[in-house]
Amino acid sequence: MHRIKHLGFNAIKESFDRLPTGVCFFDRTGSIVLCNRRMYQLSRFLLDSDMQHLGEVQEALSAPARGIVRIPDIDNTYRFPDKTVWRFEKTEVTDRYGVSYIQLTAADVTDLQRALVQLTVDSKKLQEDAEKLKQLSDNAGALAREKELLDAKSAMHDGLAACITLTKQYITGEFDGMDAGVVCREWEKVIAFRDTIRLPARKKLLDSAKASGVTVRIRGQEPTDGEAELLYTAMQVCLNNAIQYAKATEISANIWENEGSYTVVIRNNGKPPEKEITEGGGLTNLRHRIENSGGKMTVQSLPRFSLAIEIPKSGNSGVNNL
């Protein structure tokens, strides 16, 4: 019977020593009652010897030996010379006979500490990314304002070009019966800059054509939203040039709807160009807007003028249109 009890105690002690956690029990005076192998190993780092009393361990933890580093912001946690990290905790326990003991445990939190460090690094990186996103957002706002300014300037250029052409026609008497009031109203639109740029592009085109005595013909399904804006802007530029240079009385646009875009060819019935067309303010601004939207623009001068544009449908441009 005594041998069975002895074997049972040895088995328990062996299991206790195999624990990955350091565990040590002290009596009320601080003397060791039971200590496992892991805690003894840690005590050699702390004391350079096996522990004998609770007080010396507490003193070593309050002023760690060289090579042992207290982890900031985490209570009772230390990095040891072998790069492992341990968290110490002291509690009071009572056995079944009512006797109290002090239990000191040391838990290996190396992986947890590594995860916390990585989390700190990731948090810092996220904060930096958030700052960059804020800067990008601010830049996007600036780009949007620049685009609005460019569009406004382009609209003003087109309006001025149309008014100048209309005025020349009135002065030279090129179109009989043109009323001076029509010319004045067109100039009023340009001068009232905000009203001009807010005027829907289609209405602006038709009003300009009507005032100039030019017929507008559109064949095919007209696009909507931003695609329509580009279409009518392109026709407005062509109208201005057709009146000024080709003396045209009709402008036409043929539209083909593709899977991801619209193809538009714009022509007029005026006289053909005498040489290759050099793109100026109107055509240059138009090309800039179309290519920025992800589209394409081709100008044909001979044997007759035509302007071919490809306008991507919304969501298919692949370009940031800020």
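Position in the sequence shown (from 1) plus 1201 gives the number in the numbering used here. The beta carbon of each residue, even a glycine, is placed where N, CA and C say it ideally should be. This structure is a prediction, so every number in the text was calculated from the model and none was measured.
Pick from the options: whose alpha carbon is nearest that of residue i?
i	options	result
Gly1355	Ala1212, Thr1425, Ser1507, His1489	At residue 1355 the sequence reads Ser, which differs from the Gly that was named. Among Ala1212, Thr1425, Ser1507, His1489, the Cα nearest to that of Ser1355 belongs to His1489.
Asn1442	Ala1410, Tyr1298, Arg1297, Val1224	Ala1410
Ala1402	Ala1435, Arg1418, Gln1422	Ala1435
Ser1527	Glu1423, Glu1475, Thr1222	Missing from the structure shown is residue 1527; the chain here goes from 1202 to 1523 and no further.
Leu1476	Asn1470, Ala1454, Phe1506, Leu1484	As written in the sequence, residue 1476 is Lys, which differs from the Leu given in the question. Checked all of Asn1470, Ala1454, Phe1506, Leu1484; the closest Cα to Lys1476 is Phe1506.
Glu1290	Leu1361, Cys1439, Ala1308	Ala1308
Lys1514	Thr1368, Asn1459, Lys1326	Asn1459
Lys1472	Pro1504, Asp1228, Gln1370, Gln1437	Pro1504
If the criterion is Cβ atoms closer than 8 Å, does the pair residue i and residue j meet it?
i	j	result
Glu1387	Ala1363	yes
Leu1305	Leu1235	no
Val1465	Glu1480	no
Ile1512	Leu1432	yes
Cys1225	Ile1233	yes
Gly1483	Asp1359	yes
Leu1508	Cys1439	yes
List the endpoints of the continuous beta strand (DSSP E) containing residue i.
i	result
Asp1408	Run containing Asp1408: none in the beta strand (DSSP E); it sits in the alpha helix (DSSP H), 1402-1413.
Glu1492	It is not in any beta strand (DSSP E) - Glu1492 instead sits in the alpha helix (DSSP H) that spans 1482-1493.
Gln1259	Not the beta strand (DSSP E): Gln1259 falls in the alpha helix (DSSP H), residues 1255-1263.
Phe1227	1223-1227
Gln1445	Note, Gln1445: premise wrong, no beta strand (DSSP E); not H, not E.
Which first and last residues belong to the alpha helix (DSSP H) in which residue i is found?
i	result
Arg1245	1238-1248
Asp1426	1426-1442
To which residues of the same chain is residue i closer than 7 Å at the C-beta, ignoring the five residues directly before and after it?
i	result
Arg1399	Only weak support is given to the placement of Arg1399: the predicted model assigns it a pLDDT of 47, under 50, and the question is left unresolved by the model.
Tell me which same chain residues have a C-beta within less than 6 Å of the C-beta of residue i, skipping the five on either side of it?
i	result
Thr1416	Glu1451
Gln1314	Val1286
Arg1420	Asn1455
Asn1469	Ala1443, Ala1447, Ala1449, Ile1452
Ser1502	Pro1474, Glu1477, Ile1478
Asp1218	Asn1237, Arg1238
I'd like to confirm something about residue i: is its beta-carbon nearer than 7 Å to some heavy atom of the ligand SAH, or not?
i	result
Asp1296	In terms of ligand content, the structure shown is empty, and the ligand SAH therefore cannot be addressed.
Looking only at its chain, what residues have a beta carbon closer than 8 Å to the beta carbon of residue i, apart from the 5 residues adjacent to it on each side?
i	result
Thr1524	Only positions 1202 to 1523 of the chain appear in this structure, which leaves residue 1524 out of reach.
Gly1268	Phe1246, Phe1281, Pro1282
Gly1231	His1254, Leu1255, Gly1256, Ile1303
Lys1284	Thr1311
Gln1242	Gly1223
Met1252	Cys1225, Ile1233, Cys1236, Met1240, Tyr1241, Ser1244, Val1258
Determine, using beta carbons only, whether residue i comes closer than 8 Å to chain B.
i	result
Thr1499	Note that chain B does not occur in the displayed structure, where there is just one protein chain.
Subject >> Validate contact between the region 1424-1438 and the region 1474-1494 using beta carbons, cut 8 Å, 3 pairs >> reply: yes
**OP:** Spell out a yes or no on whether the region 1253-1260 and the region 1268-1285 are touching, meaning 3 or more CB-CB pairs, one atom from each, closer than 8 Å.
**Re:** no
Original post:
Would the region 1320-1337 and the region 1288-1301 be scored as touching if the rule is three or more Cβ pairs under 8 Å?
Top reply: no
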